[in-house]
Amino acid sequence: MGKYFGTDGVRGVANLELTPELVFRLGRFGAYVLTKQNQNAKMVIGRDTRLSGEMLEAALIAGITSVGVDVVRLGVISTPGVAFLTKHLEADAGVMISASHNPFPDNGIKFFNANGQKLADHIEDQIEQLLNENEDTLQRPIADKIGRVVDDSKSYQHYLNHLKSTIDIDLCGIHVVVDGANGAAYQLAPQLLRELGADVTTIHSTPDGKNINVECGSTHPESLQQEVIAKGAHIGLAFDGDADRLIAVDEQGELLDGDKILFICGQYLKEHGQLNQDTIVTTVMSNIGFFKAAENAGLLTEKTKVGDRYVLERMLSGGYNLGGEQSGHIIFLNYNTTGDGLLSAIQLLQVMKETGARLSDLSARVTTYPQLLKNVEVKSKEGWEQNEAIQTAIHEVEGQLKENGRVLVRPSGTEPLIRVMAEGPDQEVVKQYVQKIADVIQREMGK
């Protein structure tokens, strides 16, 4: 039985692992499972700016329409844009073609249900079961029962209008530098911010199909830091390829990751009585400095496994409305069902505008502790938690760090790796602690 779905859809090198043939079948089987064979069913499709996007879009559409489901083709749009429009347009499901922050040869297929949410595991399992069948026995409607395709180049404005409705002020007087990552946000972000009155300078907003995420965007914000200082801007905003994450830069050129953005927005929402249960949901990878700042501000926190899907699950089950990851995936559940870089950006800008504070001052309450992550290749990930030598090493380091740091050891979800992370007040000491635990894991379980 093949395994196709990872933590964020089906990904691979386009035309090598993620072939048009596979994507055609994903379209067929995904449409069959997600539309429940409803009459007049429809799905919406968006993509980022990768060269392979149109090829895979064509294969996906062929698969979906071959089971009699209509397609609304949105063109280049962000992942959260697809999530929102799936529900707004009352579609049965949505699909985004993107590999997010990965290099341009990669691509991916990400499905959403009718509510604009990522698929539950059991739904992905149903699609995988069909993919693993020896024979495709699904219906093949003919004549006027074949699905139709409609190009929709205007619905993105509904998404932007929705984003604008989430704040009640304009952004006049704020100079923003936008790094579009040569991806899905390259037009959306500048248009949104200008419609709200901001003064916008753009960089990395000329996609050619091959330059998405190349030395730019949320994973490479160095040029954005330089541009903010050079232009004397108030803030810089860096998106990734599909614009579901945000990394910010303050007026001094310093980075704000998801932890700091979560804290600033969470504190603002709490002060205005809008943060459900005064709680922010985040993952175990958030920096200890975030947790200390949250505690000092009277904010409660809930931790999940790494992955924004787990953050969303906890938010839905606990009735929380703000959560996210250090990487910049931030979910404002009152307004969208997935991490949304554009939404995060204007929520952050609203705090700046209403408080009149500089971004550097807003983020100053979060002291980021030095953090180091090391991957150890192992023969098998099984049994590390029961290994006495490994547990002794972990407990010794935890005893030395006490309340001034922490250790996190966890297996990779997809590779034969054990990840060792430690945080503390001193970078060199943290490095020594991580190496100490990694050496024991290598000795006990390494290849």
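Numbering (this note's numbering), first residue to last: 4 to 450. Note that CB positions come from ideal geometry on N, CA and C, so glycine has one too.
- For N407, the secondary structure class from DSSP, reduced to helix, strand or coil, is helix.
- Look at N137 here: in three-state DSSP terms it is coil, with no helix or strand label.
- Burial is judged here by how many other beta carbons sit within 10 angstroms of a residue's own beta carbon; L19 has fewer than 16 and is exposed.
- Secondary structure of H178 (DSSP, three-state): strand.
- When DSSP states are grouped into helix, strand and coil, M318 belongs to the helix group.
- Within the DSSP bridge table, the entry for K377 names V423 as partners.
- The residue from G342, R317, E316, N118 with its alpha-carbon nearest to that of A246 is G342.
- In this structure R151 is exposed. Its beta-carbon is surrounded by fewer than 16 other beta-carbon atoms within 10 angstroms.
- Relative to the Cα of S101, the nearest Cα in the group G402, G244, Y436 belongs to G244.
- One alpha carbon belongs to E328, the other to A34, and they sit about 30 Å apart.
- Under the DSSP assignment, V231 falls in the alpha helix (DSSP H) whose first and last residues are 225 to 234.
- Between G331 and G261, the beta carbon gap of about 4 Å places them in contact (Cβ cut-off 8 Å).
- Unbroken beta strand (DSSP E) runs of no fewer than 3 residues, entirely contained in the segment 7 to 94, are found at 13 to 16, 45 to 50, 73 to 79, following chain order.
- Within the same chain, Y189, A192, T205, H207, S208, F242 come within 7 Å of G183 by CB-CB distance, once the 5 residues on both sides are set aside.
- Per the C-alpha coordinates, the member of S226, K234, L196 positioned closest to Q353 is L196.
- Bounds of any beta strand (DSSP E) do not take in T370, whose DSSP letter is neither H nor E.
- Where N299 is concerned, there is no enclosing beta strand (DSSP E), although the alpha helix (DSSP H) around it starts and stops at 291 to 299.
- The alpha carbon of L351 has as its nearest neighbour, out of D442, N137, C268, P83, the alpha carbon of C268.
- Apart from the 5 residues on each side of it in sequence, E57 sits with its Cβ closer than 8 Å to the Cβ of R50 in its chain, given in chain order.
- Of V410, D311, G310, K90, the smallest CA-CA separation from A441 is found for V410.
- DSSP, read as helix, strand or coil, puts N164 in helix.
- G386 sits exposed, since fewer than 16 C-beta atoms from the chains shown fall within 10 Å of its C-beta.
- For F107, the secondary structure class from DSSP, reduced to helix, strand or coil, is coil.
- Membership of K306 in the beta strand (DSSP E) is indicated by the continuous run 303 to 307.
- Spatial neighbours of P224 in its own chain (CB-CB distance under 8 Å, excluding positions within 5 residues in sequence) are listed in chain order as D182, G239, A241, I250, V252, L258.
- The beta carbons of S366 and K273 sit no closer together than 8 Å.
- For V381, the closest alpha carbon among the candidates P414, E401, T358, G402 is that of P414.
- The bridge partners DSSP lists for L240 are V181, A251.
- If you draw a straight line from the Cα of E198 to the Cα of A187, it comes to about 18 Å.
- For the 8 Å CB-CB criterion, R368 and A296 form a contact.
- DSSP lists G49, K113 as the bridge partner or partners of M99.
- A Cβ-Cβ distance of about 18 Å is found for the pair I291 and V314, leaving them out of contact under the 8 Å criterion.
- Per DSSP, V284 lies in no alpha helix (DSSP H) segment; the continuous beta strand (DSSP E) that holds it begins and ends at 282 to 286.
- Membership of T204 in the beta strand (DSSP E) is indicated by the continuous run 202 to 206.
- Around the Cβ of V153, a 10 Å sphere holds fewer than 16 other Cβ atoms; the residue is exposed.
- For G269, the enclosing alpha helix (DSSP H) begins and ends at 261 to 274.
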